[in-house]
Amino acid sequence: MPLITLFSAPKPFTNPHIAMIQRNAICSWTLLPDVEVILLGEETGLAEAARELGVKHIPNVARSANGTPLVSSMFNLAREQNSSPLLCIINADIILFPDFVEAAKQSMKLRDKFVLMGRRWDLDLTRPIEFTKDWEYQLQTIVHSQGTLHRPAGSDYFLFPRVCYEDIPDFAIGRAGWDNWMIYKARKEGWATVDATPSIMIVHQNHDYSHLPGGQPHYKHPETDVNIQLAGGREVTRFTLLDADCRLSNGRLIPREWNLRTFRRALETYPLLAWGNAGLAAKVSALFRRFRSKTRKRS
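Quick look at the structure:
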């Protein structure tokens, strides 16, 4: 039985660049120890890619009215297909290294219920990775010299014990809002919400939005509005890595670092997390936004 089951709903393999970066990512997953990979959906070229890469493929994912795979169905199918103690939903353009598995093992020793997530490194890749003996070192060297650490908004993976996230709303994958809800849900339930950026390097291969209707970013699509409603409103979908209550560093869970930004977020989110009062949370957030706006004008 593998320790971790990675599951993902890749984009169609029709765009040559998208196909290449997805193969790069999935190949990196298959090289990890103690990991199983499940690809979900019926996108063009997906079944063939799964066979080529030697991973499991499940086609029958429930979809929205617009044909977008639902996160709830992805979670249910992945959970049904294995008995791994850890599950991880991940975007299909993310390259992983062995530090990912090591961080998962460390987290299991420290907490029973947690969600592991972290910031990504953005990198332009225009050719397939050659997975030779020292490919990790070579790629990490390129990342440090050419990549950019993404801001703490948007999350590309969530790793968690299978007893967590047993009830997921019908979010549309690949649209904004659902990943923010994942952080909110963990905080609300009192699980350790772990920023693993100090311990895990993940590489996001940059791409355009030509695979989406009108070539527009995911946050501009109507299904994003639906996701926000399902999540419980905009205050829920403002949760980011800044709201993680600890970070994983050198095998230890360290409480969040308090500064002006994290203290402000703690005040903004308290009414929602403690009392379920989204209206009050919105008022506190608006108050801080007005204060910052006045401060900027004065300066």
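Each number in this note's numbering corresponds to the 1-based position in the sequence shown with 185 added.
We put the beta carbon where it would ideally sit given N, CA and C, even for glycine.
Practice prompt. Starting from the Cα of residue 351, find the closest Cα among 365, 337, 374 and give me that residue.
Written response: 374
Item to complete: Could you tell me if residue 281 is buried or exposed, where buried requires 16 or more neighbouring beta carbons within 10 angstroms of its beta carbon?
Response: buried
Worksheet item: Shortest alpha-carbon distance to residue 445 belongs to which of 436, 266, 231, 427?
Response: 427
Worksheet item: Distance, Cα to Cα, residue 411 vs residue 319?
Response: 44 Å
Worksheet entry | Contact belief for residue 259 with residue 217 at Cβ below 8 Å, rounded distance in angstroms | Not quite, the Cβ-Cβ distance comes to about 20 Å (not below 8 Å), so this is no contact.
Worksheet entry | Residue-chain proximity (residue 311, chain B), Cβ-Cβ < 8 Å | Protein chain content of the structure displayed is limited to a single chain, and chain B is not contained in it.
Practice prompt. Flag this pair as yes or no: are the beta carbons of residue 209 and residue 310 separated by less than 8 Å?
Written response: yes
Worksheet entry | Bridge-paired residues (DSSP) for residue 186 | Residue 186 is not bridged to any residue.
Worksheet entry | contact_flag[the region 364-382, the region 260-269] where n(CB pairs < 8 Å) is 3 or more | no
Worksheet item: Taking Cβ positions, are residue 284 and residue 385 nearer each other than 8 Å?
Response: yes
Fill in: CB of residue 362 within 8 Å of CB of residue 416, strictly
yes
Practice prompt. Tell me, to the nearest whole angstrom, how far the beta carbon of residue 336 is from that of residue 409; I am working on the premise that it is less than 8 Å.
Written response: Residue 336 to residue 409, Cβ: 19 Å. No contact.
Fill in: Residue of 247, 305, 299 minimising C-alpha distance to residue 358
247
Fill in: Local conformation of residue 434 per DSSP, three classes
strand
Fill in: Contact under 8 Å by Cβ, residue 467 with residue 420
yes
Discussion item. Can you tell me which residues form a DSSP beta bridge with residue 254?
Written reply: In the DSSP assignment, the residues bridged to residue 254 are 248.
Worksheet item: For residue 451, which of 435, 430, 434 has the nearest alpha-carbon?
Response: 430
Fill in: Beta-carbon separation (whole angstroms), residue 204 vs residue 230, contact threshold 8 Å
7 Å
Practice prompt. Please classify residue 317: is it buried, with 16 or more other beta-carbons within 10 angstroms of its beta-carbon, or exposed?
Written response: exposed
Discussion item. Out of 344, 221, 241, which one is the CA nearest neighbour of residue 299?
Written reply: When 344, 221, 241 are compared, the shortest CA-CA separation from residue 299 is found for 344.
Discussion item. For a test of the three-state rule: what should DSSP assign to residue 388, helix, strand or coil?
Written reply: strand
Worksheet entry | Residue burial classification, residue 297 (beta-carbon count within 10 angstroms, cutoff 16) | With fewer than 16 Cβ atoms within 10 Å of its Cβ, residue 297 is classed as exposed.
Worksheet entry | Distance between residue 356 and residue 396 (C-alpha atoms, nearest Å) | With a pLDDT of 48 at residue 396, under the threshold of 50, the modelled position of that residue is not reliable, and no figure is offered here.
Worksheet entry | Collapsed DSSP secondary structure at residue 212 in the structure displayed | helix
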